[in-house]
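Numbering (the working numbering), first residue to last: -4 to 1019.
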């Protein structure tokens, strides 16, 4: 910014002071030569305010006023001072033109600065509005997050209270369980005692049977009565035992109900505890996440505050610069307005400034000499051009006249030769014609003498031009020395050198044309000499013919008077011929002298031309180099224009790319939300699949148990075939098997529903895969756009490497380049995000493949379960067949019993009672076995539940840690996107450093070439 400010200040100062400085210079030059004319200062006083106020129109009026005054005063000027006054008038005119152009340049610079400052102010205002909107949004987000935090803290407090209440309920349920366990132990002990009593009763029954048999064997009445009494006692004891068994069964049912209630309570408690833990973990995660978001927002706020402070500093700097530019513009305008009032004061202060400028008088004199020499060279070159054009036209006219005269003389000579013998009467008329022709030729010779004198003057002027050129070359040497001191005026001095070289070429062309003219003059002189010799011959022949004619006329007496007249005319012609001969001899002598002089001057000119040709060759080389530099400059300017157009095109394309990026970002965000929802559903489905796996494991265990029970049933069916009395137990077991079958069928239906859900999830995964393919296509499009943008950036870099002379515009291009690079980094970051999302989608796809594999496994297990169910159905059919056989056997048994009922009715009744007692005892033992099995199953399920809950806790912890790592990675990635410098940015920085190094090298080479050029010019001037 400081460099640009200094550059703008220097440009404004330079262009604002250039015009008045030139006018003051011209006025100062007037002081060296006292002028009696008053129109120069008056034109300056009138022209400056006109040029300042009305610019081009004022310049035109000032120039017309100056030229009108100079034309009015030109008539009263001496011949010696006219050239000087014309030069001063031109200097004043050029100073007016420069003043108007410099003022327009200053206005253009001020307008550009105003536009830039206005655009910066607009940008700053937009940034302020955006920042205010962002701060308002952040404030609202902060309030919303604080409200959420307060709500979450309240939820956490409520959950803690609920946790405490659940903890109390757990303690109470534990106490109840302890009491139930103690009651259960007591009941088991009672059952054990009752079993012992039943065993004692069995022993007593056996003794009673023995006694009954002994009584049956004995036929005494006493034994019958005793037996009756014993039977009554036994019946009473049996009734007591049945009552006790009923009580025990009722207690057992109560215990089983209490146990089931406790299991339900425990399951509910565990589910509530797991839910509570999940809710606590989720709320803690949300609190942690929101705390992290708050921290991130605070960090972003701090960064934005820093950015705001930087932007405010830049805004203050821009305001300060704008105010300074405004002040400078005001000072320029005030100085322009005050120029009219301060011109007289400045004229008075010139004497004071001369004292201060004594140290710079040498430079001013050198500049004045250069200016005068250049102006004189320009004027002389213009006069030489006009004079050369006039000489060319005159030579052409002379050549045409000479050719015409030559042709006329030849024709006339032929006509005279044919007519002299035949027309002697017309001799007088012919002599008059010859005399007129002779006089005309004398006029032509006089004209040619004048032209020779003009050529001498041209040669003298050429010599003066060569001397002036030597002076100009010396001045150029001094200028070359000044070039090293004044690097800022290199371009103007190079242009001057180019103009001087062009003038030098023009002078050389003039010299060559003058040499050609001299050659033509020599040829014309030779032709004139030939024409004079022919005229002499014609005169001699005419004299001979006249003598013969006079002799003929003397013989004739009738023509004496005409003879006398002819003699007089001949005498006059001879006198004229003698004068013509004298004049011709004098002209020949003058021509010889001129030829000698011309030969000497030509030799000198040839020597000088040889030196000039050498200098010209060196100048041609330097000019070729300068032309190459100019061509490179033009190329660079063209390339700069192309770069600008390309940059504008790049900006348009970048805007389109931004719009496409916004569209793609919206699409990607929508697709990301969909993918996240799908991933959540996939996670839920995975959890369901885990639960299904656990259920399948339980089903497999139950299946194994069922298989073991089926084996037991098979063994029991074999026992049933052996023992018909156990058929009732087989029927009950068959009913249990049918219930298990129904349960298995229901579980199969559940598994089928889960398989259908898995298929739907797979279809969703296929849809997600299609979406992933669409995302990949968008990614490929983005990559193609990135390649195009990279190609354009490479083209911009190549064009930037070519634009070495565009030093002031490189900074703007670098800023645009940095913007493009930042936008490219944003596009790349978005592409990286897309790649990460694609990777996540690929991971989801891999998970789906795992789910499909699990599905296949489940299907294989289901096929196995179905095969086992078919085997169970076959066994059930066999059991039904066995039941039919049992029914046939029972019918046979009933027939046998009907036959034996008559004989052993009392014994059968007694046995039936005993069998019922045994059956009840077997039922009690079977119930005990079933309770023990149920307890074992409960313990196994409890252990499995503990293991699975531990596994679930570990998986939850791992998921929580992975989510935290993902969030940290996302934050780090976002921070890298915002603040970190990427690899491509580093490469671009390296390229910029390399370009700056190459630019410095090119500038050094350019300065070395300029030094070599200046040394070459000095050597050439030293040689000349």
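Glycine residues also receive a C-beta, built at the ideal position from the N, C-alpha and C atoms.
This one's a predicted model, so the numbers in the text were calculated from it and none came from an experiment.
Span of the alpha helix (DSSP H) around residue 59: Taking the chain shown and counting its residues from 1, the one referred to as residue 59 is at position 64. For residue 59, the enclosing alpha helix (DSSP H) starts and ends at 34 to 69.
Collapsed DSSP secondary structure at residue 173 in the structure displayed: Residue 173 sits at position 178 when you count from the first residue of the chain shown. Correct three-state label for residue 173: helix.
Under the three-state DSSP convention, the category residue 73 falls into: Numbered from its first residue, the chain shown carries residue 73 at position 78. In the structure shown, residue 73 sits in coil (DSSP, three-state: anything other than H, G, I, E or B).
Proximity of residue 57 and residue 40 at Cβ, strictly below 8 angstroms: Position 62 of the chain shown, counted from the first residue, corresponds to residue 57. Position 45 of the chain shown, counted from the first residue, corresponds to residue 40. No, the Cβ-Cβ distance between residue 57 and residue 40 is not below 8 angstroms.
Beta carbon of residue 86 nearer than 8 angstroms to that of residue 21: Counting from 1 along the chain shown, the entry for residue 86 is found at position 91. Counting from 1 along the chain shown, the entry for residue 21 is found at position 26. Yes. Within cutoff.
Check whether residue 14 and residue 97 have beta carbons under 8 angstroms apart: If you number the chain shown from 1, residue 14 lands on position 19. If you number the chain shown from 1, residue 97 lands on position 102. Yes, the Cβ-Cβ distance between residue 14 and residue 97 is below 8 angstroms.
Cα-Cα separation between residue 953 and residue 266, rounded to whole angstroms: The residue given as residue 953 occupies position 958 in the chain shown. The residue given as residue 266 occupies position 271 in the chain shown. Taking the straight line from one Cα to the other gives about 21 angstroms.
Same chain only: Cβ atoms within 8 angstroms of residue 25, ignoring 5 sequence neighbours per side: In the chain shown, residue 25 corresponds to position 30, counting from 1. Cβ neighbours of residue 25 within its own chain (closer than 8 angstroms, five residues either side excluded): 35, 36, 83.
Closest Cα partner of residue 1086 within the set 203, 273, 196: A question about residue 1086 goes unanswered here, because the residues of the chain that appear run from -4 up to 1019.
Residue 19 vs residue 93 beta-carbon contact at 8 angstroms: Taking the chain shown and counting its residues from 1, the one referred to as residue 19 is at position 24. Taking the chain shown and counting its residues from 1, the one referred to as residue 93 is at position 98. For residue 19 and residue 93, no; Cβs fall outside 8 angstroms.
For residue 163 and residue 124, the rounded distance between their alpha carbons: Counted from its first residue, the chain shown places residue 124 at position 129. Counted from its first residue, the chain shown places residue 163 at position 168. One C-alpha to the other measures close to 58 angstroms.
Inter-residue Cα distance where the pair is residue 1047 and residue 966: Absent from the structure is residue 1047, since the part of the chain shown begins at -4 and ends at 1019.
Residue 7 classed as buried or exposed, judged by whether at least 16 other C-beta atoms fall within 10 angstroms: Position 12 of the chain shown, counting from 1, holds the residue named residue 7. Under the 10 Å beta carbon count, residue 7 is surrounded by 16 or more other beta carbons and is classified as buried.
For residue 1002, three-class secondary structure by DSSP: Stepping through the chain shown from its first residue, residue 1002 is reached at position 1007. DSSP places residue 1002 in the helix class (H, G or I) of the three-state scheme.
Short Cβ contact (8 angstroms threshold) for residue 88 with residue 61: The count along the chain shown starts at 1 and reaches residue 88 at position 93. The count along the chain shown starts at 1 and reaches residue 61 at position 66. For the 8 angstroms CB-CB criterion, residue 88 and residue 61 form a contact.
For residue 186 and residue 194, the rounded distance between their alpha carbons: Position 199 of the chain shown, counted from the first residue, corresponds to residue 194. Position 191 of the chain shown, counted from the first residue, corresponds to residue 186. Each residue's alpha carbon lies about 12 angstroms from the other.
Buried/exposed call for residue 80, threshold 16 Cβ in 10 Å: Numbered from its first residue, the chain shown carries residue 80 at position 85. Its Cβ being crowded by 16 or more others within 10 Å, residue 80 is buried.
Cβ-based burial, residue 47 [other Cβ within 10 Å; buried from 16]: Looking up residue 47 in the chain shown gives position 52. The residue in question, residue 47, is buried, as its Cβ has 16 or more Cβ neighbours within 10 Å.
Alpha-carbon to alpha-carbon, residue 75 and residue 1015: Position 1020 of the chain shown, counted from the first residue, corresponds to residue 1015. Position 80 of the chain shown, counted from the first residue, corresponds to residue 75. Going by the C-alpha atoms only, they are around 35 angstroms apart.
Beta-carbon proximity list for residue 174, same chain, < 6 angstroms, skipping 5 on both sides: Residue numbering aside, residue 174 sits at position 179 when the chain shown is read from its first letter. Cβ neighbours of residue 174 beyond the five flanking positions: none.
CB contact flag (residue 835, residue 276, <8 angstroms): The residue given as residue 835 occupies position 840 in the chain shown. The residue given as residue 276 occupies position 281 in the chain shown. It is not a contact, given that the beta carbons lie outside the stated cut-off.
Cβ shell of residue 190 (< 6 angstroms), same chain only, five flanking positions each side left out: Counting from one through the chain shown, the residue named residue 190 turns up at place 195. A distance below 6 angstroms between beta-carbons, with the five flanking residues on each side excluded, links residue 190 to no residue of its chain.
Pair within 8 angstroms by beta-carbon distance, residue 54 and residue 91: The residue given as residue 54 occupies position 59 in the chain shown. The residue given as residue 91 occupies position 96 in the chain shown. Yes, the Cβ-Cβ distance between residue 54 and residue 91 is below 8 angstroms.
Closest Cα partner of residue 144 within the set 128, 156, 284, 228: One-based indexing of the chain shown puts residue 144 at position 149. Checked all of 128, 156, 284, 228; the closest Cα to residue 144 is 284.
For residue 287, the nearest candidate out of 140, 205, 237, 158 (CA to CA): The sequence position of residue 287 within the chain shown is 292, counting from 1. In this structure, 140 is the residue among 140, 205, 237, 158 with its C-alpha nearest to the C-alpha of residue 287.
Contact test: residue 965 Cβ vs the ligand MN heavy atom, cutoff 7 angstroms: As presented, the structure is devoid of all ligands, the ligand MN included, so that no description of it is given.
Straight-line Cα distance separating residue 121 from residue 102: Within the chain shown, residue 102 is the residue found at index 107, counting from 1. Within the chain shown, residue 121 is the residue found at index 126, counting from 1. Straight-line Cα distance between these residues: approximately 28 angstroms.
Rounded straight-line distance, which links the Cα of residue 269 to that of residue 157: Within the chain shown, numbered from 1, the residue matching residue 157 stands at position 162. Within the chain shown, numbered from 1, the residue matching residue 269 stands at position 274. Approximately 13 angstroms between the Cα atoms of the pair.
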